[in-house]
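Please read the structure below before turning to the comments.
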Amino acid sequence: MIPSSACQPQADTHPALWDEPWSSKLHHVMGHDPAQELTPASAEPQFEYFVGTGTINLDAGEYVYEDGRLLSQLDWETRGAALLSVGASYHPTPSWRISGKVDLAGSGDSFMEDRDWYWPETTEWTDQSLHPGTDLSHYINLQLTAERAVFTGTTTELFVGAGAGYTDVKWDAPGGPYIYTDQEFRDDVGFSAEGKVISYRQRVPSLYLSASSSHTIDRLVFAANVRAGASFGYKGVDDHWVRELRFIDRMDPAPLLGVNLTASYAVTESRALYLSTDFTQVFEADGDVNRFNTATSEDEDSSATSGADFRSLSISFGVKGTF
Numbered sequence: 003m004i005p006s007s008a009c010q011p012q013a014d015t016h017p018a019l020w021d022e023p024w025s026s027k028l029h030h031v032m033g034h035d036p037a038q039e040l041t042p043a044s045a046e047p048q049f050e051y052f053v054g055t056g057t058i059n060l061d062a063g064e065y066v067y068e069d070g071r072l073l074s075q076l077d078w079e080t081r082g083a084a085l086l087s088v089g090a091s092y093h094p095t096p097s098w099r100i101s102g103k104v105d106l107a108g109s110g111d112s113f114m115e116d117r118d119w120y121w122p123e124t125t126e127w128t129d130q131s132l133h134p135g136t137d138l139s140h141y142i143n144l145q146l147t148a149e150r151a152v153f154t155g156t157t158t159e160l161f162v163g164a165g166a167g168y169t170d171v172k173w174d175a176p177g178g179p180y181i182y183t184d185q186e187f188r189d190d191v192g193f194s195a196e197g198k199v200i201s202y203r204q205r206v207p208s209l210y211l212s213a214s215s216s217h218t219i220d221r222l223v224f225a226a227n228v229r230a231g232a233s234f235g236y237k238g239v240d241d242h243w244v245r246e247l248r249f250i251d252r253m254d255p256a257p258l259l260g261v262n263l264t265a266s267y268a269v270t271e272s273r274a275l276y277l278s279t280d281f282t283q284v285f286e287a288d289g290d291v292n293r294f295n296t297a298t299s300e301d302e303d304s305s306a307t308s309g310a311d312f313r314s315l316s317i318s319f320g321v322k323g324t325f
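With this note's numbering applied, the sequence shown corresponds to residues 3 to 325, in that order.
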């Protein structure tokens, strides 16, 4: 309880903000000063933002099973795509914060490998095609999280909460070299037609629990965030343009894990530079396949089942601020 004497006017014996230790200033930079929790000013809303750029690696797997046996696997990947990351957070009270971010990526070096196992008597692939000219059409990642402080010390904070995410990624693959099995094992070697051959798109909505912590050392702030949850409504769309076929995969819920590590350095009272890395893994999900003929607009019977997974790893740097 605050003593009654604290409510009486007193001479200002506290130094100005710029005379405070940097460990205290950084709480202002990060939008939270535990020492002010007993004052009315601490209840004022706090707004933070960050803008950064960097690079990201993406991987997605597409699987087809028949009677429990792997029939087809397509591995999509992008290395070194340009990344733009923008985010903000709002503190309605010192104990609560609502944060969101948007990641956009494009370009990069992409590749796709398509393998089939048509002969059940062998575990080796029978057909393979390589697509080195694959293009990352787009990558969009959205997150919205609400967290509450469960521990606030002089230099350390811990928040827990929950959130929702959405990832949308698509690749387009042109023709490339292939080895197929026709009459004999891997007896057909050639190069498929130029132009777009296969497109693949994943849309991954998710819900997760979140835990975040930060620790301040002078002007430096080290922060970590862990997200654990599951995908819901996970969907994959595969277009085989030459064969005029579309495969729509609707996945069951799949486990999701994400980790973010960030280091910030305050350069002014309200500005900081940061370096961040983020990893996300959506583990393989099982699902059903709908096969659709795009030329006749008719559904085709399929006894196969599907699977999919997704992984991203990024590193970025930029500016964050508060007001």
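Beta carbons are placed, not taken as given, at the ideal position from N, Cα and C, and that holds for glycine.
Once you ignore the five residues that flank P122 on each side, which residues in its own chain have a CB closer than 8 angstroms to its CB? Taking the sequence shown and counting its residues from 1, the one referred to as residue 122 is at position 120. Only R71 meet the Cβ criterion.
Would you mind working out which of Q204, F249, E286, Y267 sits nearest R293, comparing C-alpha positions? If you number the sequence shown from 1, residue 293 lands on position 291. When only C-alpha atoms are compared, the closest one is F249.
Simplified DSSP state of Q283, which is helix, strand or coil: As a first step, residue 283 must be located in the sequence shown, where it is residue number 281. Residue state, collapsed to three classes: strand.
To the nearest whole angstrom, what separates the beta carbons of A83 and G108, a pair I think is in contact under 8 angstroms? Here residue 83 corresponds to residue number 81 of the sequence shown, with the count starting at 1. Here residue 108 corresponds to residue number 106 of the sequence shown, with the count starting at 1. Right, their Cβ atoms sit about 6 angstroms apart.
Pick helix, strand or coil for V162, following the three-state DSSP scheme. Within the sequence shown, the letter at position 160 stands for residue 162. If DSSP states are grouped into helix, strand and coil, V162 belongs with the strands.
What residues in its chain sit with their C-beta under 7 angstroms from that of G192, if we drop five residues either side in the sequence? Indexing the sequence shown from 1 puts residue 192 at position 190. Within the same chain, G192 has close Cβ partners Y180.
Only counting runs of 3 or more residues, tell me where the beta strand (DSSP E) segments fall wholly within the stretch 151-227, in order along the chain. 158-176, 179-182, 190-193, 198-219
Within the same chain, show all residues whose beta-carbon is closer than 7 angstroms to that of D118, passing over the 5 residues directly before and after it, in chain order. One-based indexing of the sequence shown puts residue 118 at position 116. So the list reads L73, S74, W127, T128, D129, once near-sequence residues are dropped.
For G110, list the residues DSSP reports as bridge partners. Against the sequence shown, residue 110 aligns to sequence position 108. Note: G110 sits in no beta bridge, so no partner.
Using 8 angstroms as the cut-off, classify the Cβ of W119 as near or not near the heavy atoms of the ligand MN, replying yes or no. Among the components of this structure there are no ligands whatsoever, and the ligand MN is therefore not found.
May I have the straight-line CA-CA distance separating R99 from S212, to the nearest angstrom? To locate residue 99, count along the sequence shown from 1; it is residue 97. To locate residue 212, count along the sequence shown from 1; it is residue 210. So the two alpha carbons sit approximately 12 angstroms from each other.
Simplified DSSP assignment, three categories, for K74: Along the sequence shown, read from residue 1 onward, the residue named residue 74 stands at position 72. Note on identity: in this sequence residue 74 is Ser, with Lys being the wrong assignment. Three-state result, S74: strand.
Which of helix, strand or coil does DSSP assign to F325? Against the sequence shown, residue 325 aligns to sequence position 323. Correct three-state label for F325: coil.
Minimum C-alpha distance to T57 - residue among S131, G320, A297: By 1-based counting over the sequence shown, the position of residue 57 is 55. Answer by Cα proximity: G320.
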